[in-house]
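Input: a single structure, listed below in structure tokens.
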Amino acid sequence: MERSGIGWLGDRVDRHEERRAPCSWAGTQTHDPTQQRKGARGAGSQLHQHGKRNGVLRERRHTSVRARQSIPRRCLNRRTQVEAFEHQGSEPESDSRLYRVRHSLAHVLAQAVLETRKGSTLGFGPPIKDGFYYDFVLSAPVTEEDFPDLERRMRRIIKKGQRFYREDLPREEALARIDDMGEPYKREYASELCEKHGIHTLSFYRNGPFLDMCEGPHVETTRDIPRDAFKLRSVAGAYWRGDSENVMMTRIYAWAFEDKETLDAHVTAHAEAQARDHKRLGRQLDIYAIDQDVGPGLPLWLPNGTAIRDELEKLARELEFKAGYQRVSTPHIARQSLYFKTGHLPYYAGDMYPAMEIVENGDGGEKLKDSYVLKPMNCPHHHAVYAARPRSYRDLPLRLAEYGEVYRLEASGAVSGLLRVRSMCMNDAHIYCTEDQIADEFRAVMELYADAYRILGLDNYYLRLSRSDPEDPKRKEKYVDNPEAWVRCEAIIQDMLDSIGIEYVEGIGEAAFYGPKIDVQLNTVTGRDESVSTVQLDFAVPGRLGLKYIGSDGLEHMPYCIHRAPLSTHERLVAFLIEHYGGAFPTWLAPIQVRVVTVSEKFDVYGREIVERLRGRFVRAELASSTDTVSKKVRQGTVEKIPNLLVVGEREQEQGTVTLRRYGHRQQVSMPYDEFQDRVVRSIRERSREFVL
RNA sequence: GCUCACAUAGCUCAGUAGGUAGAGCGUUCCCUUGGUAAGGGAGAGGUCAUCGGUUCAAUUCCGAUUGUGAGCACCA
265 MERSGIGWLG
275 DRVDRHEERR
285 APCSWAGTQT
295 HDPTQQRKGA
305 RGAGSQLHQH
315 GKRNGVLRER
325 RHTSVRARQS
335 IPRRCLNRRT
345 QVEAFEHQGS
355 EPESDSRLYR
365 VRHSLAHVLA
375 QAVLETRKGS
385 TLGFGPPIKD
395 GFYYDFVLSA
405 PVTEEDFPDL
415 ERRMRRIIKK
425 GQRFYREDLP
435 REEALARIDD
445 MGEPYKREYA
455 SELCEKHGIH
465 TLSFYRNGPF
475 LDMCEGPHVE
485 TTRDIPRDAF
495 KLRSVAGAYW
505 RGDSENVMMT
515 RIYAWAFEDK
525 ETLDAHVTAH
535 AEAQARDHKR
545 LGRQLDIYAI
555 DQDVGPGLPL
565 WLPNGTAIRD
575 ELEKLARELE
585 FKAGYQRVST
595 PHIARQSLYF
605 KTGHLPYYAG
615 DMYPAMEIVE
625 NGDGGEKLKD
635 SYVLKPMNCP
645 HHHAVYAARP
655 RSYRDLPLRL
665 AEYGEVYRLE
675 ASGAVSGLLR
685 VRSMCMNDAH
695 IYCTEDQIAD
705 EFRAVMELYA
715 DAYRILGLDN
725 YYLRLSRSDP
735 EDPKRKEKYV
745 DNPEAWVRCE
755 AIIQDMLDSI
765 GIEYVEGIGE
775 AAFYGPKIDV
785 QLNTVTGRDE
795 SVSTVQLDFA
805 VPGRLGLKYI
815 GSDGLEHMPY
825 CIHRAPLSTH
835 ERLVAFLIEH
845 YGGAFPTWLA
855 PIQVRVVTVS
865 EKFDVYGREI
875 VERLRGRFVR
885 AELASSTDTV
895 SKKVRQGTVE
905 KIPNLLVVGE
915 REQEQGTVTL
925 RRYGHRQQVS
935 MPYDEFQDRV
945 VRSIRERSRE
955 FVL
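Quick note on numbering: the first sequence equals residues 265 to 957 in this note's numbering.
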């Protein structure tokens, strides 16, 4: 078993971080996925996570050299400050100086907290990618208003130069000491280490009055800690050992770096990253709105946002048409019984809006006639499309595509902006095929992803092969019980990935209940990983619904089904795109592609003519019609991040030209109108990311 | 769902040691007809999230609810 983090403490914490990896496209909010760090460890290392509950607990990363290379999430060309911020996030190795400093600071924080809140008890307090945290069960609450006082106390402790002393005790003695310390959570963990993991000695670190069970390493004395390179950041709740059955502790997060400059740079970059947050830009740029009367997690797409959706849908339609998909349309609701047949209910009930019950009033009083549910996924409907007529092997592979609206009752605390919503429009398709066709179809889907991501300019993603976990004690509840099928299907996908030389990590226990999948993970501007897209192999549900085709042998066979959503949902993908482009979209995606700014109202006629001609070529153009000055209108267009501003006045009108000012460029260029039109139309048609002057 | 914090005009925010509120931007109207990041003036706009409690009096104090944020848990 690998040792990392703060000894066994950190070890455990790592483990929790680790297994918290995302799964479906619906996404996960995993902060600081230790994946990157893990990946950086020795080639071929294997991590076994012994987790708990619900099955998914264990993630075992099989890190090959290839997978390891794939892990860097942020292999980008774009070098903005925001990315500089993101890049700062790699966690140092456990023997590095920075790691020791962060780890030691955690003890200093705990000491400061205990000074003011006697009787508080400790949880875990590991270093993390940009600092550290410590979990407490506090005798009196801490809020951010207490931070200045706590920081002052921490600096005082640092100044004292407390030496860190390590002491290794045999287990009996160690457990007795922890009992003396009155630390029930440390005790629980220590017992588990001894009993379940057969550890015989436990180590302790003492600095000044503070004693903690901990494996280290630490700095020599607190004086080795830079006094001005840390900052308490936030206070939040966190379940003891990441289990919602356990007590909710108070977690204090802090930033900590080598020196003040690095800390300041990080804080600044963090603030700039906040400015790119899709929730902020989404409002500023009129992309979407959330109305309380409509409901949380139910975004309203404003005209600007809808323009972006339309472009994405157009892109998907083109790519899918070329790839041999057929479009279908299905209702938003279905009989509840459909979801019993597929096996989603009752398992999935908690994530669905409650059923709409049709009640009939008869002689015997009210009688439940039927129940309908909002669809939380499109697959059952598509399966019904498949079943609408007899299918022959000649029909396969059958690729049914739909931008389908689905509804999921996400937990209230999970709902956030466009990234985690309760109604979403999914770039869905289901491919029905024979076993022999699976690899080719999967490969074709992977190519479609790659194309779409290239066009969209998204390059900071990595792939995860999400497998089942045959060692999970709850696997029978969690996964379709067909071990041979799992082995076979996972092998097909893995071979396919290996054959095309694509890089990926593995997520053990991240599979769907009906089969393995490949997830595409993107990171948000605030540094979290989210699943964007997914390709899933389903060897179970078609059988449950009795889907079949007549094979060349004249007999009935069950098709396999590939679920895929390369462009994710509009909600999630647009959130990523907003953050990726900082709201400054390339022309083809921009809600307003061209704004014509007239020098005075005298030239509005000319300006309007330009707008009409552009709109005739399906360019989203508009006239800035107001009595504002040119400066004002240029400023306004810049604030709205409109990619192309055309300034027209007397000169332009006389010569039939336009003066183009591109977003982000101060210098401008005049050209005949026709030339501009050709350029902008081509830029849109080719979906170029940069429209060069 | 859980912990903590927050909720004042369309937006960003100030304010009230308890006596029903302000700024900037935006918006509307008027003047300005202006050549590249804010021309000038006037006006409108708020049951201070909702409900309840304390009080002579609550936007302010207390409680609940709803919503939002940071985390945690969840995420087919």
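Glycine is no exception: its CB is placed at the ideal position from the N, C-alpha and C atoms.
Between ALA493 and PHE521, the gap from beta carbon to beta carbon is short of 8 Å. Bridge partners of LEU386 according to DSSP: PHE400.
DSSP places ALA518 in the strand class (E or B) of the three-state scheme. In the displayed model, VAL894 falls within a helix according to three-state DSSP. By the neighbour-count definition (other C-beta atoms within 10 Å, threshold 16), LEU564 is an exposed residue. Exposed is the label assigned to GLN931, since fewer than 16 other Cβ atoms lie within 10 Å of its Cβ.
The region 559 to 573 makes no contact with the region 638 to 652: fewer than 3 CB pairs, one atom from each, lie closer than 8 Å. According to DSSP, residue pairing for MET641 in a beta bridge does not occur. DSSP, read as helix, strand or coil, puts TYR617 in coil. In the three-state DSSP reduction, GLN857 falls in the coil class, being neither helix nor strand. Taken in chain order, the complete alpha helix (DSSP H) segments of 4 or more residues contained in the region 766 to 849 are 805 to 808, 834 to 845. Secondary structure at PHE428: strand, using DSSP grouped into helix, strand and coil. Rounded to the nearest whole angstrom, the CA to CA distance from ARG731 to TYR778 is 11 Å. Counting C-beta atoms within 10 angstroms of its own C-beta, ASP783 has 16 or more neighbours from the protein chains shown and is therefore classed as buried. Under the three-state reduction of DSSP, ILE422 is assigned to helix. Going by beta carbons, GLN590 and ARG663 fall inside the 8 Å limit.
At the C-beta level, MET445 and ALA376 stay beyond 8 Å of one another. Just so you know, the alpha carbons of VAL922 and ARG872 end up roughly 13 Å apart. Per DSSP, reduced to three states, the secondary structure at VAL709 is helical. Following the DSSP letters along the chain, one finds PHE474 inside the beta strand (DSSP E) bounded by residues 474 to 477.
Remark: C-beta atoms of GLY472 and LYS423 do not approach each other more closely than 8 Å.
Beta-bridge annotation (DSSP): ASN471 is paired with PHE428, PHE474.
Sequence-distant Cβ neighbours of GLY846 in its own chain, meaning closer than 6 Å and more than five residues away, are ARG540. As DSSP reads the structure, SER656 sits in a beta bridge with ILE814. A direct Cα-Cα distance of roughly 14 Å separates ILE516 from ARG381. ASN625 sits exposed, since fewer than 16 C-beta atoms from the chains shown fall within 10 Å of its C-beta.
In this model, PRO595 and VAL796 are separated by some 24 Å (Cα to Cα). A straight line joining the alpha-carbon of GLU509 with that of PHE474 spans about 29 Å. For HIS694, no alpha helix (DSSP H) encloses it; the enclosing beta strand (DSSP E) starts and ends at 687 to 697. For SER934, the uninterrupted beta strand (DSSP E) segment begins and ends at 933 to 936. Burial is judged here by how many other beta carbons sit within 10 angstroms of a residue's own beta carbon; ARG879 has fewer than 16 and is exposed. When the beta-carbon positions are compared, THR833 and MET688 come within less than 8 Å of each other. Taking C-beta separations shorter than 7 Å and ignoring five residues to either side along the sequence, the partners of GLU820 in its chain run LYS812, ILE814, following chain order.
Where VAL869 is concerned, the enclosing alpha helix (DSSP H) starts and stops at 868 to 880.
For HIS542 against GLU843, the beta-carbon gap comes to about 5 Å, under 8 Å, which counts as contact. For the region 509 to 559, the continuous beta strand (DSSP E) assignments of 3+ residues that do not extend past its boundaries occur at 512 to 520, in sequence order.
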